[in-house]
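Written out below as structure tokens is the structure these notes cover.
Numbering (our numbering), first residue to last: 150 to 495.
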């Protein structure tokens, strides 16, 4: 009886598999031939007029989007940017031992980087805006999280290049890992004379670049487009650079986690354990590290005159006592005016 049931189950499973076999072709799709991939990567790595025109326009869009603090505009610049082409080509050339492609792609990449930064500087000088908004500041403090995104994006880009059926996913990869926006922030920082802004943004770009090249090379090696013998020097250099980058990125991530933990502690203390702000509408809590002390910014909506300077000082002393750290507290009160119109008696 058991054998009959098992046999019937196997037959039904085979029938189901055979009837749906056409829908599972993607599971066994073979990589594109080496010659086809090589031609495709060469086309993407050529320093052509079209490449520089697209990159220039992408730089213009990204810079204006940063100045306007518009995330949607910046995403548009990521889609237009053709920088992913030469970077993926470098990853392939590294494992395939193709020195000609490596030189060509490197030249295209370096000139593209210079063009993007110069474009940003010219636009910033022409527009004259100097405000460092959230879109700009979000690209000057890279962490290990950004490296993880770059590694995943590089693997996705290389794999998409090796499969015809999923080549359309490359624009999504370009959105996932930002290449042109950090370079535009570098130009903005140079225009303002801010070394911290330009340096942090360039660190983000280098993080993305090395992450994409390393993981892309691993994927191409996995797909047997190259050999470990040819790739070992390039991979060793990539690993060394990842280790070097990992130190500041890890330190930045640790600072970010500590800052968020402190911010939550401060917010909890203010909301739950102070009489002054327990009934107020706290719209924003920001914490900045200044040496051993903390600078806390509060934005509160409250009736005019309900919060005094003495109350703020008492709250600051209370937070200092709880956290055992010097605190500088700045409170911005948004006044609320209440009007009441009584009902008419009938």
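Positions of the beta carbon are idealized from the N, C-alpha and C atoms, including for glycine. From a predicted model like this one, the values you see are computed outputs, not experimental measurements.
Query                                                                                                    : Result
Strand pairing of residue 435, partner residues [DSSP]                                                   : 446
Collapsed DSSP secondary structure at residue 456 in the structure displayed                             : coil
Terminal residues of the alpha helix (DSSP H) in which residue 344 lies                                  : 344–371
Straight-line Cα distance separating residue 180 from residue 372                                        : 7 Å
Inter-stretch contact (C-beta, 8 Å, three-pair minimum) for the stretch 468–480 and the stretch 408–423  : yes
Length-filtered (4 minimum) alpha helix (DSSP H) runs lying within the stretch 252–329                   : 283–286, 293–310, 319–325
Residue 406 beta carbon less than 8 Å from that of residue 355                                           : no
Inter-stretch contact at 8 Å, needing at least 3 Cβ pairs: the stretch 250–262 / the stretch 305–313     : no
Reduced DSSP category for residue 464 - H, G, I as helix; E, B as strand; rest coil                      : helix
With 16 other Cβ atoms within 10 Å as the buried cut-off, status of residue 234                          : buried
For residue 334, the nearest candidate out of 385, 278, 451 (CA to CA)                                   : 278
Host alpha helix (DSSP H) of residue 475 (start-end)                                                     : Segment: none, residue 475 is in no alpha helix (DSSP H) and carries neither H nor E.
Continuous alpha helix (DSSP H) assignments of at least 4 residues falling wholly in the stretch 212–244 : 220–229
Nearest-angstrom Cβ-Cβ length linking residue 370 and residue 244, presumed shorter than 8 Å             : 5 Å
Endpoints, the alpha helix (DSSP H) within which residue 194 is located                                  : 183–194
Cβ-Cβ separation, residue 273 to residue 206 (assumed contact under 8 Å), whole Å                        : Residue 206 to residue 273, Cβ: 17 Å. No contact.
Local Cβ density within 10 Å of residue 362, reported as buried at 16 or more and exposed below that     : buried
Spatially closest choice to residue 236 from 226, 256, 219, by CA coordinates                            : 256
Candidates 229, 289, 431, of which the one nearest residue 343 by Cα                                     : 289
Which of helix, strand or coil DSSP assigns to residue 248                                               : helix
Of the residues 383, 481, 203, the one placed nearest residue 247, counting alpha carbons only           : 383
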